[in-house]
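Here's the structure, in structure tokens; my notes come after.
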Amino acid sequence: SPPVVADNGAGYQDDASCLLRRELAQGLMQQQAQISPKFLYDARGCALFEQITQLPEYYPTRTEAAIMARYESAMAQVMGGCQVLIEMGAGNCEKVRRLCRSVAPQQFVGVDIAGDFLQAAVARLGQDFPLLKASAVAADFTADWQLPPEVPLARRELFYPGSSIGNFDREHALHMLQHMHALLNGDGGLLIGIDLPKSLPVLIAAYDDAQGVTAEFNLNVLSHVNSLLGSDFRAADWAHEARFDVQHSRIEMHLRARHPVMVRWPQGLRCFAQSESIHTENSYKYPLPEFLSMLASAGFGRCQAWTDEQQWFAVIHAQA
Ligand code: AVI
Numbered sequence: 018s019p020p021v022v023a024d025n026g027a028g029y030q031d032d033a034s035c036l037l038r039r040e041l042a043q044g045l046m047q048q049q050a051q052i053s054p055k056f057l058y059d060a061r062g063c064a065l066f067e068q069i070t071q072l073p074e075y076y077p078t079r080t081e082a083a084i085m086a087r088y089e090s091a092m093a094q095v096m097g098g099c100q101v102l103i104e105m106g107a108g109n110c111e112k113v114r115r116l117c118r119s120v121a122p123q124q125f126v127g128v129d130i131a132g133d134f135l136q137a138a139v140a141r142l143g144q145d146f147p148l149l150k151a152s153a154v155a156a157d158f159t160a161d162w163q164l165p166p167e168v169p170l171a172r173r174e175l176f177y178p179g180s181s182i183g184n185f186d187r188e189h190a191l192h193m194l195q196h197m198h199a200l201l202n203g204d205g206g207l208l209i210g211i212d213l214p215k216s217l218p219v220l221i222a223a224y225d226d227a228q229g230v231t232a233e234f235n236l237n238v239l240s241h242v243n244s245l246l247g248s249d250f251r252a253a254d255w256a257h258e259a260r261f262d263v264q265h266s267r268i269e270m271h272l273r274a275r276h277p278v279m280v281r282w283p284q285g286l287r288c289f290a291q292s293e294s295i296h297t298e299n300s301y302k303y304p305l306p307e308f309l310s311m312l313a314s315a316g317f318g319r320c321q322a323w324t325d326e327q328q329w330f331a332v333i334h335a336q337a
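Take our numbering: the final residue in the sequence shown is number 337, and no numbers are missing along the way.
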């Protein structure tokens with residue numbers, strides 16, 4: 018589709034990449050410099066995240082998978098009668114396969130910002146489940162988005178796994194939940210994965226693994242920013258840091274300057290003192306009661322939660 022173009026009246030035109038550059042420059046100029054976590058996911062970032070999910074220290078992916086396997090039939094029961102199963106952030110569509118078998122919806126809609134990758138995954142899913150009408154929607158579901166009109170209003174179940182809701186601040190997360198609730202039209206429900214608070218060493222290791230894959234994932238954001246903004250970040254100047262902020266109950270990822278660093282881009286520059294940081298990601302760890310009350314505030318009704326034995330992760334079904 019053509020880029021979004023709007024004349025800003027100042028003698029040049031804004032397009033989508035100009036908006037991204039402006040967002041990046043504004044983030045870098047804040048007192049606590051920031052790069053939005055969405056910039057972590059260029060092609061290399063996606064491949065590194067895939068590797069992270071298989072690391073021994075990164076417990077969320079395998080813990081959630083074990084919960085889904087163990088409580089498969091109980092989940093299928095509460096989701097019974099679902100006609101349209103919609104996965105947000107569907108990616109490779111691997112997590113939803115179990116639900117396609119046990120819930121047996123008539124239709125599957127995968128939603129993801131990475132449209133081409135999703136299209137291929139949905140095509141494979143359709144081949145493996147010939148009775149399932151599978152379609153892909155390329156959309157940024159973190160903003161206010163709508164399903165295409167051809168998705169029937171029949172009973173819907175939303176699936177949002179991976180504790181990805183934890184990457185948004187509380188206000189944004191509540192807004193997303195409210196929007197999901199509205200998409201259900203008073204029927205069906207939401208199956209969502211959330212990461213729970215746990216001991217500090219376990220949390221820190223999950224975001225600062227021994228092989229350094231998460232460090233590479235975090236540092237990779239700089240080359241992505243260079244390609245978008247035309248900046249001259251050098252990964253060697255920065256060190257990966259993962260810390261837990263108790264007050265907000267969140268892991269924070271930062272890039273910390275190893276020594277004084279000057280970064281230049283076409284319309285600006287920023288000097289960082291030694292050990293000044295750029296904040297690149299938050300990952301909230303919600304106590305279960307707090308998340309259940311967020312679901313209630315968003316309009317959801319009866320909830321059922323399944324956890325692992327260590328209470329590290331929860332998969333929650335919330336009725337519309
Ligand atoms: C995608 N998201 C749920 C991951 C998380 O755990 O917050 C992203 C991640 N960042 C570092 N490791 C994993």
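No residue lacks a Cβ here, since even glycine has one placed at the ideal position from N, Cα and C.
According to DSSP, is residue 29 helix, strand or coil? For the purposes of this step, residue 29 is identified with residue 12 of the sequence shown, where counting begins at 1. Residue placement at residue 29 is flagged as unreliable, the pLDDT there being 41, under the threshold of 50; the coordinate-derived value follows with that caveat. Residue 29 falls in the coil class under three-state DSSP.
Closer than 6 Å: residue 314 CB and nearest the ligand AVI heavy atom: Taking the first residue of the sequence shown as position 1, residue 314 is located at position 297. Judged by the Cβ position, residue 314 fails to qualify as a neighbour of the ligand AVI at the 6 Å threshold, every heavy atom of the ligand being at least this far.
Worksheet entry | Same chain, Cβ closer than 8 Å to residue 177, neighbours up to 5 away in sequence not counted | As a working mapping, residue 177 is identified with position 160 in the sequence shown. Closer than 8 Å at the Cβ level, and outside the excluded window around residue 177, lie 104, 105, 106, 197, 207, 208, 209, 210.
query: What separation, rounded to the nearest whole angstrom, lies between the Cα atoms of residue 29 and residue 35?
result: On the sequence shown, residue 29 is found 12 positions in, with the first residue counted as 1. On the sequence shown, residue 35 is found 18 positions in, with the first residue counted as 1. For residue 29, the predicted structure reports a pLDDT of 41, less than 50, and the residue's modelled location is therefore unreliable. A value from the coordinates is still provided. If you take the alpha carbons of residue 29 and residue 35, they lie about 10 Å apart.
* Could you tell me the distance, in whole angstroms, from the CA atom of residue 82 to the CA atom of residue 114? => As a position in the sequence shown, residue 82 is number 65, starting the count at 1. As a position in the sequence shown, residue 114 is number 97, starting the count at 1. Each residue's Cα considered, the two are about 11 Å apart.
Quiz item: Can you tell me whether residue 320 is buried or exposed, with buried defined as 16 or more other CB within 10 angstroms of its CB?
Solution: Position 303 of the sequence shown, counted from the first residue, corresponds to residue 320. Label assigned to residue 320: buried.
task: Please find out if some non-hydrogen atom of the ligand AVI comes closer than 6 Å to the beta-carbon of residue 181.
output: Indexing the sequence shown from 1 puts residue 181 at position 164. Checking every heavy atom of the ligand AVI against the Cβ of residue 181, one is found closer than 6 Å.
| message | To test your reading of the DSSP string, which unbroken alpha helix (DSSP H) runs of 4 or more residues are found completely within the region 57-135? | response | You should have 60-69, 76-87, 89-95, 114-119.
State the DSSP-derived secondary structure class of residue 1, mapped to helix, strand or coil.
Residue 1 lies beyond the range of the chain shown here (18 to 337); nothing can be said about it.
For residue 329 and residue 71, what's the separation of their Cα atoms in angstroms?
As a working mapping, residue 329 is identified with position 312 in the sequence shown. As a working mapping, residue 71 is identified with position 54 in the sequence shown. Rounded to whole angstroms, residue 329 and residue 71 show a C-alpha spacing of 17 Å.
* Asked: residue 219 lies in the alpha helix (DSSP H); which residues open and close that run?
  -> Within the sequence shown, residue 219 is the residue found at index 202, counting from 1. Secondary structure note for residue 219: its alpha helix (DSSP H) is the uninterrupted segment 217-224.
task = Can you tell me which of 239, 117, 199 puts its alpha carbon nearest to the alpha carbon of residue 318?
result = Reading the sequence shown from its first residue, position 301 is the one you call residue 318. Measuring from the Cα of residue 318, the nearest candidate turns out to be 199.
Short Cβ contact (7 Å threshold) for residue 299 with residue 61: In the sequence shown, residue 299 corresponds to position 282, counting from 1. In the sequence shown, residue 61 corresponds to position 44, counting from 1. Not in contact: residue 299 and residue 61 (Cβ atoms no closer than 7 Å).
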